[in-house]
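Before any comments, here is the structure.
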Amino acid sequence: MLIQIGVIGAGSCDEKVSKMAEAVGTGIAKKNATLICGGLGGVMEAASKGCKAAGGQTIGILPGKQKEDANQYIDHIIVTAMGHARNAIIAQSCDALIAVDGEYGTLSEIALSLKMGKPVVTLGSKWDIEGTWVAASPEDAVEIAMRLILTR
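The opening residue of the sequence shown carries number 84 in this note's numbering; numbering runs sequentially from there.
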């Protein structure tokens, strides 16, 4: 079974959030799942770095028009020229999503994912969103996401 887990979060983040995102990416690779993200910096780059370091595959769905905008850890680049509207593609392409911290763009991805019936796990979120599962750690986030995917 091909499992695709989205990792969403801000395009820039502090060291603490970066470490959490990297650990989520590592966990995704260890579960033999593919990581999908927005392909840019911050949480997306950190998660992709962790996934690649653990031998996983990454897909970046970019908001702009140029492949070169993708972070260095993206294996497969999808250029959309859709700006934030690309969040719907990320949400639809995943079996579950893990939101690491995040800002309003992340909030829009969470809302789209829930509307599409996708499971969403939050880690370090400042929002308490009905319908999401709250994880205590990066490892917990990946375990919850995998459980939700495999029991659907």
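Using N, Cα and C, we set each Cβ at its ideal position, and we do this for glycine too. Owing to the predicted nature of the structure, the values given are computational and were not obtained by experimental measurement.
Cα-Cα separation, residue i to residue j
i	j	result
Lys-99	Met-84	33 Å
Asp-178	His-159	18 Å
Ala-93	Arg-235	28 Å
Glu-213	Gly-89	19 Å
Gly-139	Asp-211	30 Å
Cys-134	Met-103	12 Å
Residue i in three-state terms, based on DSSP
i	result
Gly-110	helix
Ser-163	It is worth fixing the name first, because residue 163 is Thr in this sequence and not Ser. It is coil, neither helix nor strand.
Gln-87	strand
Ile-119	strand
Ala-168	helix
Within-8 Å CB hit, residue i to chain D
i	result
Leu-123	The structure shown contains no chain D; it is built from a single protein chain.
Beta-carbon spacing of residue i, residue j below 8 Å
i	j	result
Gly-188	Ile-161	no
Ser-95	Gly-125	yes
Gly-207	Ile-91	no
Met-127	Asn-170	no
Val-225	Ile-111	yes
Ile-157	Thr-163	no
His-167	Ser-191	yes
Ile-181	Ala-228	yes
Counterpart residues of residue i in DSSP-defined beta bridges
i	result
Val-183	Leu-206
Ile-50	The displayed coordinates of the chain run from 84 to 235. Any statement about residue 50 would go beyond what the structure contains.
Val-225	DSSP lists no partner for Val-225.
Val-217	Thr-205
For the 8 Å Cβ check, are there 3 or more pairs between the stretch 113-122 and the stretch 201-210? Using a Cβ-Cβ distance cut-off of 8 Å, the stretch 113-122 and the stretch 201-210 are not in contact, since fewer than three pairs of beta carbons, one from each stretch, lie closer than that value.
Would the stretch 220-227 and the stretch 191-199 be scored as touching if the rule is three or more Cβ pairs under 8 Å? no
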